[in-house]
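Undergrad: For the sequence shown, the residue numbers in the working numbering are 1 to 229.
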Amino acid sequence: MRLAGPLRVVVVVFLVGITWLLTSSVLGRDGGSILRHFFSGGGEEPTPEPKPRKYKCGLSAPCPEKHMAFRVVSGAANVIGPKICLEDKILMSSVRNNVGRGLNIALVNGVTGELLEVKSFDMWAGDVSELLKFLRPLHEGTLVFVASFDDPSTKLNDEARHLFEELGSVAAKELAFRDSWVFVGAKGIENKSPFEQRMKNSKSSNKYEGWPESLEMDGCIPVRAPLEN
1 MRLAGPLRVV VVVFLVGITW LLTSSVLGRD GGSILRHFFS GGGEEPTPEP KPRKYKCGLS
61 APCPEKHMAF RVVSGAANVI GPKICLEDKI LMSSVRNNVG RGLNIALVNG VTGELLEVKS
121 FDMWAGDVSE LLKFLRPLHE GTLVFVASFD DPSTKLNDEA RHLFEELGSV AAKELAFRDS
181 WVFVGAKGIE NKSPFEQRMK NSKSSNKYEG WPESLEMDGC IPVRAPLEN
C-alpha cells in the first residue's frame, strides 16, 4: 500500500532533518549538541561544579598580606612520616628523607621566612641532650615548627618540656607516649601559641592499633617585624 501524499511529505521532511543533523556533526559543527537537545526534549545539560581552588600549602583561602601559609602533618602510627610545608615549600617529609621517629623540628626566620635548620630527635631511644642543645640557643623571633612521629615524649625531661612552653606550647607539659602532636611556636612569644594540636594515645579511641590518628593543621603566620638595633 502506498503512502498518502501528506504522510509522504512528513516522512521526507523528517529524513532530511536527520540527515542535516548528522552532516553537521561530521563537519565539526555542534550537531552532537543539537541531536542531544532534539532527543532529550530540549533539556539543558547540568554544568559541572568548578573544583575548589587550592592555595599555598593546600590552604582553601589565601593568606593576608604579610602572612606566611603553612601546613603541619604529624606521622601516622610508625608507618607514614610527618610533613611540614611553609609558603608552598616542603621543609620536611619522607620524600625529602629528612624525618625520623620522635620530634621533627624546622627552624625558620620569622622575619624573612628563610629556613634555618631542620632536624629530627628520637624520643624513644635517643638522647634528649641533643634536643636541648638545639632549642636552648634559639634567637628572638625564630619560628619553630614541630611534627611528631611514632613516639614524641618518652625521653622528654622537664627542661625540654619547659623550653617548648617558652615557645608558646600548652600541650608539651603533658605530652605522653605515642601522642600525636603538631605545634608552631616562636622564640619570645608572649602568650600561648594559637597553632597547636594534640591527640592522646588511648586504647578506646585510637584510629590505628597502638597509635592515635594523624593530625593536620594549617593557617597563616604573621611575619614578624625586624628587631631594632
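Where a beta carbon is used, it is the ideal one built from N, C-alpha and C, also for glycine. Quick caveat, the model's predicted, so the values are computed rather than measured.
1. Going by the beta-carbon positions, is the gap between P152 and L115 smaller than 8 Å?
2. Give the C-beta separation of F145 and A186 to the nearest angstrom, bearing in mind that I take them to be a contact with Cβ-Cβ under 8 Å.
3. In chain order, what residues of the same chain have a beta carbon less than 7 Å from the beta carbon of F177, not counting five sequence neighbours either side?
4. May I ask which residues mark the beginning and end of the alpha helix (DSSP H) holding E231?
5. On the DSSP letters alone, give me the boundaries of the beta strand (DSSP E) that R237 sits inside.
6. Please say whether R96 and N78 have beta carbons closer to each other than 8 Å?
7. Whole angstroms is fine: what's the gap from I221's alpha carbon to V72's?
8. Does the beta-carbon distance from I84 to M92 come in below 8 Å?
9. Given K66, which residues of its chain have a CB within under 6 Å of its CB, disregarding the five upstream and five downstream residues?
10. Contact defined as beta carbons within less than 8 Å: I believe F149 pairs with P82. What is the distance between those atoms, to the nearest angstrom?
11. Which value, in whole angstroms, describes the spacing of the CA atoms of S214 and G75?
12. Let me check understanding here. Comparing Cα to Cα, which of N98, A69, V118 and S129 lies closest to D88?
13. Apply the 10 Å Cβ neighbour rule to V170 and answer buried if 16 or more other Cβ atoms are within range, or exposed otherwise.
14. Cutting at 7 Å between CB atoms, please list the residues of its own chain near L156, excluding the five before and the five after it.
15. Quick one: is G110 buried, meaning 16 or more other Cβ sit within 10 Å of its Cβ, or exposed?
16. Given this structure, state the Cα-to-Cα distance separating F195 from G219, to the nearest angstrom.
17. What are the complete alpha helix (DSSP H) segments, minimum 4 residues, inside the segment 114-200?
TA: Short version:
1. Here the question's residue 152 lines up with position 152 in the sequence shown. Here the question's residue 115 lines up with position 115 in the sequence shown. No. Outside cutoff.
2. Counted from its first residue, the sequence shown places residue 145 at position 145. Counted from its first residue, the sequence shown places residue 186 at position 186. Rounded, the Cβ-Cβ distance is 10 Å, inconsistent with contact.
3. Start at 1 with the first residue of the sequence shown, and residue 177 comes out as number 177. Cβ within range, chain order: D151, S153, T154 and N201.
4. Outside the displayed span of the chain (1 to 229) sits residue 231, for which this structure offers no information.
5. The chain is shown only over 1 to 229; residue 237 falls outside these bounds and no answer can be derived.
6. Working through the sequence shown from its first residue, we reach residue 78 at position 78. Working through the sequence shown from its first residue, we reach residue 96 at position 96. No; because the gap between Cβ atoms is not below 8 Å, this pair is not in contact.
7. Numbered from 1 along the sequence shown, position 221 holds the residue referred to as residue 221. Numbered from 1 along the sequence shown, position 72 holds the residue referred to as residue 72. Distance between the alpha carbons of I221 and V72 is about 12 Å.
8. Here residue 84 corresponds to residue number 84 of the sequence shown, with the count starting at 1. Here residue 92 corresponds to residue number 92 of the sequence shown, with the count starting at 1. Yes, the pair counts as a contact, with Cβ atoms nearer than the cut-off.
9. Numbered from its first residue, the sequence shown carries residue 66 at position 66. Once the five neighbours on either side are set aside, the close Cβ partners of K66 are V223.
10. Here residue 149 refers to the residue found at position 149 of the sequence shown. Here residue 82 refers to the residue found at position 82 of the sequence shown. Going by Cβ atoms, the distance from F149 to P82 rounds to 5 Å, so yes, they are a contact pair.
11. Here residue 214 refers to the residue found at position 214 when the sequence shown is read from its first residue. Here residue 75 refers to the residue found at position 75 when the sequence shown is read from its first residue. When rounded, the distance between both Cα atoms is 6 Å.
12. Along the sequence shown, one-based indexing puts residue 88 at 88. Nearest option by C-alpha distance: A69.
13. Working through the sequence shown from its first residue, we reach residue 170 at position 170. Exposed.
14. Residue numbering aside, residue 156 sits at position 156 when the sequence shown is read from its first letter. Here the set comprises M123, V128 and L175.
15. Numbered from its first residue, the sequence shown carries residue 110 at position 110. Classification of G110: buried, given that the 10 Å Cβ count is 16 or more.
16. Within the sequence shown, residue 195 is the residue found at index 195, counting from 1. Within the sequence shown, residue 219 is the residue found at index 219, counting from 1. G219 has its alpha-carbon roughly 8 Å from the corresponding atom of F195.
17. 128-135 and 158-166
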